[in-house]
Each structure stands twice: as structure tokens, then as C-alpha cells.
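Input: a single structure, listed below in C-alpha cells.
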Amino acid sequence: MPVDDRPGDGDGNEATTGTPLISGTNVVKEYQTGGQTIRALKRIDFRIDEADSVAIVGPSGSGKSTLLNLLGLLDVPTSGEIRLRKQDVATLSDSERNRERKQTIGFVFQSYYLIPTLTALENVEMPRMLDRTPKKTRDRATELLERVGLSDRLDHAPDELSGGQKQRVAIARSLINDPELVLADEPTGNLDRDTGDQILDLFEELRAEEGVAVVMVTHDEYVAEAADRVVNLVDGTLRAPDTATRADGGHRDRE
Amino acid sequence: MSRLYRLTGRFPVVVIAWRNVSRAKARSALAAAAIVIGVVAIGAIGAGGAAFKQSQFQSIQEQGATDVFVAPGIDKEPGHFDREDVKAIEETVGSAGVVATRGGEAEWVRRGDRRESVSITYMDDPRSLYTINDGAIPENWRRSIVVSNEFAQEHGLGPESRLTLALDEDTGATYRVVAVLAATQGFGSSDVYLPIEQAPAREYDQVRVRTRSVDRAESTADALRERFNDREDRLLVFELTSLVRLLKTIVNGINVFLTGLGSISLLVAGVSITNTMLMAVIKRREEIGVLRATGYGKADIVRILLVEAVILGVIGVVVGLAIAFVVASVANAIFLGDPLAFTSDSLLYLLGAAAFGILTSLIAGAYPAWRAANERPVDALRG
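Protein chains in written order, with the numbering used here: chain H, 1 to 255; chain A, 1001 to 1383.
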């Protein structure tokens, strides 16, 4: 996610080829809390391309979650513009945004948020359960669980799985609708370093194999190192990454 | 892929809802139990009441709802019927059977000069109104006495017993019992029956017209009123049909009132389901947030939660109906003598209780469902 230094110009993608998957211009997000207006994001620009690998790093309260919610179409900016491909998301209705989110975006959370009453396989199927294509959905879910290395845990309930296994199920779930973007909120936050490494490797593999863009939010510099690009979010503004952390300035060539 | 899976795959909302209901078993069971109580209250009270009503009408029928009772009216001079009057009534009602009686009282002189008051009906032939249980009435019945079943039982009388009856202060006459009547719920029965010849005068104070149906009783009564009560009230005509109608209104009113009280328990059940669902929704806040994040629309969330509420309702209704059915069968057995003698009224009450139970759960689930669906996933997932 480059910090677009150029002033918000039309569609501003001269720097890279093609339409960005999702891009933001002059994005501001404010919250009302107890009569006070809190400005969580202060006029930021961003773009994410296909098969991007981006880490958003920042301390808590820096606006990471807010940004993630905007990227995930869970929220709309107070001002500024977010475009999904070329579509201004502010023009989408609630249910249209819902549909776009379902087709385009997968979520992975720190606390996994698996549904305890469903088996691993059913949890993966969950986003597609209402489509009434049980056979197709089950085949794809089985395939994905095999892909994340859980082919022997299909019928296990979430509480019979370890943290790493739960996160694998969650990753498989995020991929069930073949999204173009996976948003991961502290995906290794509840895992030990070894398990966390495995999860990060899995993300990298999936990105390479499925061509999915992965955006991770973390406060952990170690996790950020796994991404191609790192963006620092401090106090609601994007900063170029510390050169001490990332020598290449945040934009590394992808293979 | 199993056939069951293909089937449940067609109804994913039901599958998800069912899993959620079975997750908090105790809480779900309690919410369903509230519905059970409501359904039992409405179903059992309604169906039991219907059975009671039915039994009351049956006994009214047995007591002579097909009969028309005729007494001298206030303008009748003298204040009794004689042979001519009875003949006139007979002419008016046509082929229907007319039984003229006279009521009276006498003292039963018992051993040691103890005296006890007994009611007497003087009539031509008790068999025209009652059946004989024991003994027989002779062809030419002029002096012997017939006693009612209750009276015979109470005093240990039977055929060949003897009674001394005294009118006023005289020493009385002794009668031989020839027959004991069968027990009857009959309206206007007395302790003993004597031939009309034994009456102080050949006068009647009541005429009973026997018809074959309630409708005929009504038209006979109308005919009598028209014929004799044109200008003055010469006859007091009384048929049970009008009474039956009044009773029906009263019993129905009471039943509706009681069922209404029963519905209050369903209201409580609705509150309980709302409470259960609200707790579930709060507990599953993040989970619902995840559903929303992964593309479930508000309508999908509402649907899932409403199905959950209805599942609770259906469980409650099924169990409640089973219990109400048993209770109603017991009521049927008690009042109507047959556990399966369900009237259309009682079936309607059971059906109504079921429909009401499910409707209650649906309404009760609406607010929690609406609240869960309108929670923004952002807020739910903030943790």
C-alpha cells in the first residue's frame, strides 16, 4: 500500500498498470463518542492491487481496525472516496455492499470467530450455506481444508481444534467464495511464534497459488516482515515505513 | 454425500437455527416449556370446557329438551286444567303425546307416628314419562303406588313394600308399592306417583307435551302460545330450548373467559422467548457479526433468528398439544364417558392453542432478530 503522495487526482493509477482492486482517496473517518468527535483516519490515500501482500502496522488506537473495516466494506468513510475496482462504494446500497463483500472479500480474525455449533467443514461452508448449492460448496470446502492441511479434521468441532488449526479453518473459510482480497486482523495474535509462522507461510502460499491479495493488520513488526509491503499507520495518518525496519522502503517487487 | 445432507442443504437456515437452539439446551428447554404451559392452558381449558358444555347439553336433552311444559297461565280461570283443557291442548299439538299431571304433597306416616313430607305426582300412567326398573304397573292402576328410584333407594323400598300417606291431618291410606322407576335426571320428577283417581280432584296443574326433537318442541310451544295466548295468558308455555340457548351463551362466555386467562400464560411464554433470544443474540454478537461480514444480509440474520424462535415454539406446541390432548381426553372420559369423544369445539380449541403458540414465538422472536440484524458488524467485531 503506497502512500500516494500525489494530490488526489481522478483515478490516480499511473504508477501501476491496471485498475487497483481497491483504492482510497482523501479518506476521513470520524466517530462520535460521548459528544466528542474522534478523527480515526485523517485524509489518507491507499491502493491495493491484485495479489498484493500488505501489512498495516501501528500501535493500538492508530486507526488500523477502522481502515480494515473500510477496506472490508463494513463501514463507509465520513468523507473521501473508496473505490472497489472502479465502483465508488458510497454509491452502493447496504445489500449491494453485502454482495460485493461476499464475492470479493474474505475475513480472518484474531479470535478466529468460528461458529461453535458447526464442524470445521461447516464453518468453512458457512459463508456459502445460503446459496443452496450444497454439493459444490461441500466439495470446495473439503478441498480448501485439505489445502490448509486439515483433511483429517473435517468433522471436528472448533473446541476440538488447537489455535493454529482454528485459524487454518478460518483461512479456509475466508477463501470459500474465491475472493480477490483477504483481510486479516492480527491473524497470529493468539498464536505462538511457530504456529504463527506456519499461518503466515500459509497466507503466502495461498497468495501465490490463488492470486489473492492479502492485507494484514498487526502491531507486530515480525509479522509485518512477512509482507511485501509495509505501511505504518500512526495517529490516523499513513507514514512511509521506518527505514530501520524496512530497507526497501515498503515496495518490494513481487515474483 | 448423504441424502440427509442434500436435504438439509436445501434448508440451511433451519440447520443453522436448529444448531443454535440445541446449543443452549437448558435455556431453549425453558423457553419451550413456557410455550408448553401456554398451549396446555389454552388447549386443556378450551377442550375440557367444550366437553363439559357438551355433557351439560346432553343431560339437558335427557331432562326433556324435546318436551314442552304447559301450566295454567295467570289469566286462566280456574287456575288448573280439567279434561276439556287437556283435550284442547291435544287438539292443538296434534299427534304429539300429551301427558297431564297433578303435583301434590302428603305426609308419609311412618312407624311411631313419625311423619315425613313426600312429593306426589298424580298421573294416568307413569310409563308415559318414565321407565320401570323393578316390578310392574297393573293394567288397571287405581290404588297402588309407584316410587321413584331415589326415594326407593333412600328408604329401602321395593315392590310389595307398603306406605301410608296422609293428606292434611287425617290418618291416611295405605298403598302397596308395585313398581320402582329407573333413575332419571328428569326435570319435574317427584318422590312417589299415584293414579290420577287418587287425587283430591280430577284436576291437572301441568301438561307435558312430548315431541321428538328440540325444533318440534319449539314449534309446538309457538303453536300453543298462538292458540291460547292470543289476548290473555291462559297458558304458561315453557320449553327448554330457550333455556338451552341461554345456557349455551353463558357457558361459551365462561369458556372464552377462561381461555383468555390461559392466553395470558402464552403472553408470559412470549416474554420468556424474547428474553431467551435477546440473551442468545447478545452472547452470539461476534458470531452474528462474522455472518454479516461474510455476506449474510440483514434479512438472512432475521430469518435465522425467527426460525430459532419458531423452533422453540414448535417444540413447545408439540409437547403442549400432547399434554393438552391427554387432559382433554380425561375431561372427555369424565364428562362424556369416552376419552375420544372430541367435539369440533374442543378440536378447534386445540388447533387454536397450537396456532397461537407458534404465532407467539414468532412475534416474540421479532424484536431480538431485528436488533441482531441491525447491529453493525463493525461494532460487533470490535470485541
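The C-beta atom is built at its ideal place from N, Cα and C for all residues, glycine as well.
Are the C-beta of residue i and some C-beta of chain A separated by less than 8 Å?
i: SER95 of chain H; result: yes
i: MET216 of chain H; result: no
i: ASN69 of chain H; result: yes
i: LYS29 of chain H; result: no
i: PRO77 of chain H; result: no
i: GLY72 of chain H; result: yes
i: ARG168 of chain H; result: no
i: THR117 of chain H; result: yes
i: SER65 of chain H; result: yes
i: ASN98 of chain H; result: yes
i: PRO134 of chain H; result: yes
i: TYR222 of chain H; result: no
i: LEU130 of chain H; result: yes
i: ARG101 of chain H; result: yes
i: PRO127 of chain H; result: yes
Mapping the DSSP letters down to three states, classify residue i as helix, strand or coil.
i: ASN1229 of chain A; result: coil
i: ASP1085 of chain A; result: helix
i: TYR1130 of chain A; result: coil
i: LYS29 of chain H; result: strand
i: ARG1212 of chain A; result: coil
i: PHE46 of chain H; result: strand
i: GLY24 of chain H; result: strand
i: GLY72 of chain H; result: coil
i: ARG1376 of chain A; result: coil
i: TRP1018 of chain A; result: helix
i: GLU225 of chain H; result: coil
i: ILE1363 of chain A; result: helix
i: THR1343 of chain A; result: coil
Applying the criterion that 16 or more other CB atoms from any shown protein chain within 10 Å of the CB defines a buried residue, is residue i buried or exposed?
i: PHE1011 of chain A; result: exposed
i: GLY1365 of chain A; result: buried
i: ILE1304 of chain A; result: buried
i: PHE109 of chain H; result: buried
i: LYS166 of chain H; result: buried
i: GLN991 of chain A; result: This structure cannot speak to residue 991 of chain A, because chain A is shown only from 1001 to 1383.
i: LEU1261 of chain A; result: exposed
i: SER95 of chain H; result: exposed
i: GLN103 of chain H; result: exposed
i: ASP1222 of chain A; result: exposed
i: ASP45 of chain H; result: buried
i: GLN36 of chain H; result: exposed
i: ASP1230 of chain A; result: exposed
i: ILE1282 of chain A; result: exposed
Output yes if chain H places a C-beta closer than 8 Å to the C-beta of residue i; else output no.
i: ARG1382 of chain A; result: yes
i: PRO1012 of chain A; result: yes
i: ALA1293 of chain A; result: yes
i: TYR1349 of chain A; result: no
i: GLU1286 of chain A; result: yes
i: ASN1374 of chain A; result: no
i: ILE1016 of chain A; result: yes
i: ASN1020 of chain A; result: yes
i: PRO1368 of chain A; result: no
i: GLY1357 of chain A; result: no
i: ARG1023 of chain A; result: yes
i: GLY1297 of chain A; result: yes
i: PRO1377 of chain A; result: yes
i: VAL1281 of chain A; result: no
Any idea which residues DSSP pairs residue i with across the strands?
i: TYR1193 of chain A; result: A:THR1121 and A:VAL1146
i: ARG1027 of chain A; result: Paired residues: none, contrary to the question.
i: ILE38 of chain H; result: H:TYR31
i: ARG1162 of chain A; result: A:ARG1176
i: ASP185 of chain H; result: H:VAL217
i: GLU81 of chain H; result: H:THR25
i: PHE1238 of chain A; result: A:PHE1069
i: ALA55 of chain H; result: H:MET216 and H:VAL230
i: GLN1153 of chain A; result: DSSP output for GLN1153 of chain A lists no bridge partner at all.
i: GLY1135 of chain A; result: A:ALA1179
i: GLN1206 of chain A; result: A:THR1101
i: ARG239 of chain H; result: H:ASN232
At a cut-off of 7 Å, is residue i close to the ligand ADP when judged by its beta-carbon and the heavy atoms of the ligand?
i: GLY72 of chain H; result: Ligands are entirely absent from the displayed structure, and the ligand ADP is therefore not among its contents.
Beta strand (DSSP E) segments (min. 3 residues) lying fully within the segment 1264 to 1335 of chain A | As for any beta strand (DSSP E) of minimum length 3 sitting wholly inside the segment 1264 to 1335 of chain A, there is none.
Could you tell me which uninterrupted beta strand (DSSP E) segments, each at least 3 residues in length, are contained entirely in the segment 84 to 159 of chain H, listed from first to last along the chain?
-> The segment 84 to 159 of chain H contains these whole beta strand (DSSP E) runs: 105 to 108.
Which runs of the alpha helix (DSSP H), 4 residues or longer, sit entirely within the segment 1039 to 1125 of chain A?
-> Counting only runs of 4 or more, we get 1083 to 1093.
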